[in-house]
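Undergrad:
In my numbering, the protein residues as written are 2 to 145.
(1) Please report the residue range of the beta strand (DSSP E) in which residue 7 lies.
(2) In three-state DSSP terms, what is residue 29?
(3) Do three or more CB pairs link the stretch 112 to 120 to the stretch 69 to 87 at distances below 8 angstroms?
(4) Please specify which runs of the beta strand (DSSP E), each continuous and at least 3 residues long, are wholly inside the stretch 49 to 78, giving them in chain order.
(5) Go ahead and pull the three-state DSSP assignment for residue 13.
(6) With distances taken between CB atoms, is the gap from residue 7 to residue 24 smaller than 8 angstroms?
(7) Look at the alpha carbon of residue 27 and the alpha carbon of residue 5, and state the distance between them as a whole number of angstroms.
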């Protein structure tokens, strides 16, 4: 199996399947090179081409800050929405003068977590997903 690499498209092609859609800049690479490059991609590296058009692996380019911020705001908004029912249920139980499902401490933790989520975009840690506000463990138990 002969494998071809196109530096302009950073894609592999099989010579046996080459047709008019195959770029004109393809170069032949060995099966060993192809396997190494595919394994590198599987481990998170990005396929690129060096100045001579040879395939190389590089670190995955980081998305622009605006993209990271939008992604993290969407995550934050989803977290706030997904805990809204807990807040509403607790307040409804209080309004009906019933025993509450959450303890006073849990409700306080819930409100604090939701406030941390709202404040998070204004912190220095934003938009680092590794530094997101941490959901109290007991919330997952409420949704099971």
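A virtual CB, placed ideally from N, CA and C, is assigned to each residue, including glycine.
Since this is a predicted model, take the numbers as computed values, not measurements.
TA: Inspection of the coordinates gives the following:
(1) Per DSSP, the unbroken beta strand (DSSP E) holding residue 7 starts and ends at 4 to 7.
(2) strand
(3) When Cβ pairs closer than 8 angstroms are counted between the two stretches, the stretch 112 to 120 is seen to touch the stretch 69 to 87, the count reaching three or more.
(4) Segments of the beta strand (DSSP E) lying fully in the stretch 49 to 78: 56 to 59.
(5) strand
(6) yes
(7) Between residue 27 and residue 5, the C-alpha separation is close to 6 angstroms.
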